[in-house]
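Shown next, in structure tokens, is the structure this report addresses.
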Amino acid sequence: MRRVGDDGFRYPLAVDRTGAYKVRAGEMLRVCMTSDFFLRQADPWREEAWDIIRARPDVKFFLLTKRPHRVARCLPSDWGDGWDNVMLSVSIENQRRTDQRLPVLLDLPFTHKGAMAAPLIGPIELGRYLSDGQIEQLIVGGENYGGARPLDVDWVRSLRAQCEQADVSMTFIETGSTLIKDGRTYRMGPKRNQSVQAHRSGLSYTAQDRRPWRLRAPLGWEIPAAELHVPQFDGDCLNCGSRPICNGLYRGRCA
């Protein structure tokens, strides 16, 4: 594993010609989505990453990991009970991984916690992990590309029911390459179609009592909700499974 170049690594601090940050207050940045922020190989540069996250308390940072057992030893010294602009989410692709990782997540000091069942490769019972209200978001999706394992819609329906009962937001982002529905198997084609079909399923759920993000300006005051970035969408966006968790368009293009 290697660190990306400075332009990418320090992008949250980049400014435009007017001196304004390119990443707007209230946007969410997903960190290391094709790797893992808590890999041992990332230890040499993780402190620099924390410095960047600390410098942008007005931006939401989404951290996804398969290694929650490493998280506590990797937190910065001023972490306290958690920074208000950081969400930690763990991968829970099946019941075994759920039972391994979610108990560890629940014991960690994070203001915002979530789980990502993408790819979802088996049924999951989540109820006992949702009951205390710590988990505020579940992202669900099927597997893609060569050798992708199928996604059964019944697994997604079950997760939707569990999340609705616990009032936890669930976003069904894509079906994956192969979908099983009511005993029949379907090849779902390109990812755009997978996302559209996930949206049309109506299986996503938005919690009624969503936990607020208390974002602050770099100088410390809390930013009113009216001053935070509001995602903008065009016609194509309206049928996208990821829309509930998306930053919206940036300069007319998908962000």
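In the numbering used here, the protein residues as written are 1 to 255.
Using N, Cα and C, we set each Cβ at its ideal position, and we do this for glycine too.
R214 is classed as exposed because its beta carbon has fewer than 16 other beta carbons within 10 Å across all chains shown.
Annotated three-state conformation of G127 is helix, per DSSP.
S177 places its beta carbon less than 7 Å from that of N144. In summary, F172 is buried, with 16 or more beta-carbon neighbours lying within 10 Å of its beta-carbon over all protein chains present.
The shortest CA-to-CA distance from T98 to any of N85, K66, G80 is the one to K66. Under the 10 Å beta carbon count, R200 is surrounded by fewer than 16 other beta carbons and is classified as exposed. Under the criterion of beta carbons closer than 8 Å, R243 and E136 do not qualify as touching, at roughly 18 Å. Going by beta carbons, P150 and I180 fall inside the 7 Å limit. Linking T111 to V90 through their CA atoms gives a straight-line distance of about 14 Å.
Residue nearest to L106 within the set W83, Q208, D132 is D132 (criterion: CA-CA distance). Judged by DSSP in its simplified three-state form, R211 adopts coil rather than helix or strand.
Counting only runs of 3+ residues, the beta strand (DSSP E) found wholly inside the segment 87 to 163 occupies 112 to 117, 135 to 141, in chain order.
For R46, the enclosing alpha helix (DSSP H) covers residues 43 to 55.
The three-state reading of DSSP puts V31 in strand, counting E and B together.
G189 and G141 have their C-alpha atoms spaced approximately 15 Å apart. A direct Cα-Cα distance of roughly 9 Å separates D51 from P76.
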